[in-house]
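Protein chains in written order, with the working numbering: chain A, 25 to 181; chain B, 541 to 655. Here is the structure we will look at, set down as structure tokens.
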Amino acid sequence: MVELKLSGLKETRPHQYLVRFLFGGAATLLAGLVARYFGPAMGGLFLAFPAIFPATVTLIESHEKKRAAESGYDGTHRGRLAASIDAAGAALGCVGLMGFALIVWRMLPDRNPWLVVPLATIVWAAISFGLWELRKNRLFGHHPRSSAHRPHARSAP
Amino acid sequence: MTELVIRFLVGGLVVSLFAILGDVLRPKSFAGLFAAAPSVALATIGLTIHKEGKAFAALEAKTMILGAVAFLVYAALASLILRRGKVSALVTSLVLMPVWFGLSFGLLALVAGKL
Numbered sequence: 025m026v027e028l029k030l031s032g033l034k035e036t037r038p039h040q041y042l043v044r045f046l047f048g049g050a051a052t053l054l055a056g057l058v059a060r061y062f063g064p065a066m067g068g069l070f071l072a073f074p075a076i077f078p079a080t081v082t083l084i085e086s087h088e089k090k091r092a093a094e095s096g097y098d099g100t101h102r103g104r105l106a107a108s109i110d111a112a113g114a115a116l117g118c119v120g121l122m123g124f125a126l127i128v129w130r131m132l133p134d135r136n137p138w139l140v141v142p143l144a145t146i147v148w149a150a151i152s153f154g155l156w157e158l159r160k161n162r163l164f165g166h167h168p169r170s171s172a173h174r175p176h177a178r179s180a181p
Numbered sequence: 541m542t543e544l545v546i547r548f549l550v551g552g553l554v555v556s557l558f559a560i561l562g563d564v565l566r567p568k569s570f571a572g573l574f575a576a577a578p579s580v581a582l583a584t585i586g587l588t589i590h591k592e593g594k595a596f597a598a599l600e601a602k603t604m605i606l607g608a609v610a611f612l613v614y615a616a617l618a619s620l621i622l623r624r625g626k627v628s629a630l631v632t633s634l635v636l637m638p639v640w641f642g643l644s645f646g647l648l649a650l651v652a653g654k655l
């Protein structure tokens, strides 16, 4: 079951928000500059650059470690496991990213961008969420005993 | 210059918004989907269409598929290494970065004649 936990916002410090903003801005700028100087084919690669992936997984690892430390034990392994689960989700999201790019590539030249871009975003969400659901329910099933040692064991697939 | 500043600000904002979505959603595997959201593309596509035209943006999207393939391999490898628990998330994600560059440029070189 997917949950919205607003308390997650409090775990991130202001400088961590700033780091992600700077990395995101830099990646977007880089994509534009590469496209300008080396052409759209090269620039397009950078539209799928894992810009904030290092910052995100590092943040998840440190949050999980902090939680474990508050409970009085070393959460190094637990933190890395949490980051691993997040990275696996990102890998699924990449298939959706391919779907997004495919829709823009095939449909943009002949159609209104105001229709194509939202449609491509919907396709990204549908593929990503669909694959996540499939992975959770079909490919791995539910293993309560094995998931008992995972971070957020109740909700993790 | 103004265009570059706008690009930077819009990019930072859109990427941050997707990252915040990842912060508040659980479970983590679902939140992870947002690490591969088309945030840079969404931030930049409007400016690209406005400045260079739709054909230019469509060609960018074509090779974005290759970048996404490289991202998939990069994220899967990162997940595999982190699961073993011996290397930190920061080191893993940075050390694997050449995998993304190598794969995306390699794939681009492979299909270059067909673009």
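Here a beta-carbon is modelled for each residue, glycine too, at the ideal position from N, C-alpha and C.
Own chain partners of residue i with C-beta closer than 7 Å, once the 5 adjacent residues on each side are dropped
{"i": "B:I589", "result": "A597"}
{"i": "A:V147", "result": "G123, F124, I127"}
{"i": "A:T36", "result": "L83"}
{"i": "A:E88", "result": "G99, R102, G103, A106, P175"}
{"i": "B:F558", "result": "F574, A577, S579"}
{"i": "B:A629", "result": "L622"}
{"i": "A:V58", "result": "M66, G67, F70"}
{"i": "B:I585", "result": "A597"}
Residues near residue i by beta carbon distance below 6 Å, same chain, minus five either side
{"i": "A:L71", "result": "A55"}
{"i": "B:K640", "result": "Reading off the sequence, residue 640 of chain B comes out as Trp, not Lys. Around B:W640: A610, Y614."}
{"i": "A:L158", "result": "none"}
{"i": "A:S108", "result": "none"}
{"i": "B:L565", "result": "A571"}
Start and end residues, alpha helix (DSSP H) containing residue i
{"i": "A:M122", "result": "100–131"}
{"i": "A:M25", "result": "Taken as a continuous stretch (DSSP letters only), A:M25 belongs to no alpha helix (DSSP H), as it is neither H nor E."}
{"i": "A:S95", "result": "Looking at the DSSP string, A:S95 is not in any alpha helix (DSSP H), and its letter there is neither H nor E."}
{"i": "A:K34", "result": "32–35"}
{"i": "B:M541", "result": "Run containing B:M541: none; DSSP gives neither H nor E here."}
{"i": "A:L69", "result": "64–69"}
{"i": "B:L636", "result": "From DSSP, B:L636 is part of no alpha helix (DSSP H); its letter is neither H nor E."}
{"i": "A:I146", "result": "137–158"}
Contacts of residue i in chain B (Cβ-Cβ under 7 Å)
{"i": "A:L116", "result": "L573"}
{"i": "A:I146", "result": "Under the 7 Å cutoff, chain B gives no residues; its nearest Cβ is about 11 Å from A:I146."}
{"i": "A:L108", "result": "Reading off the sequence shown, one finds Ser at residue 108 of chain A, where the question assumed Leu. Simply S619, L622, R623."}
{"i": "A:S152", "result": "L573"}
Under 7 Å by beta carbon: chain A residues contacting residue i
{"i": "B:G552", "result": "F45, L46, G48, G49"}
{"i": "B:A598", "result": "V128, W129, L132, P133"}
{"i": "B:T603", "result": "A65, G68, L69"}
Beta-carbon contacts of residue i that lie in its chain and below 8 Å, excluding the five residues immediately before and after
{"i": "A:V119", "result": "I151, S152, L155"}
{"i": "A:H39", "result": "none"}
{"i": "A:S31", "result": "none"}
{"i": "B:G593", "result": "none"}
{"i": "A:A149", "result": "G120"}
Cross-chain neighbours of residue i in chain A, by beta carbon under 8 Å
{"i": "B:A583", "result": "G48, T52"}
{"i": "B:P638", "result": "None at all; the shortest Cβ gap to chain A is about 12 Å."}
{"i": "B:A616", "result": "A111, A112, A115"}
Beta-carbon neighbours of residue i, restricted to chain B and to distances below 8 Å
{"i": "A:R37", "result": "Correct list: empty, because the minimum Cβ distance to chain B is about 12 Å."}
{"i": "A:K29", "result": "V564, L565, R566"}
Contact list for residue i against chain B, beta-carbon separation under 9 Å
{"i": "A:Y41", "result": "S556, A559, I560"}
{"i": "A:R91", "result": "Those within 9 Å of A:R91 in chain B number zero; the least Cβ separation is about 12 Å."}
### Query
Which full runs of the alpha helix (DSSP H) of 4+ residues lie inside the stretch 549–627 of chain B, going along the chain?
568–571, 579–592, 594–624
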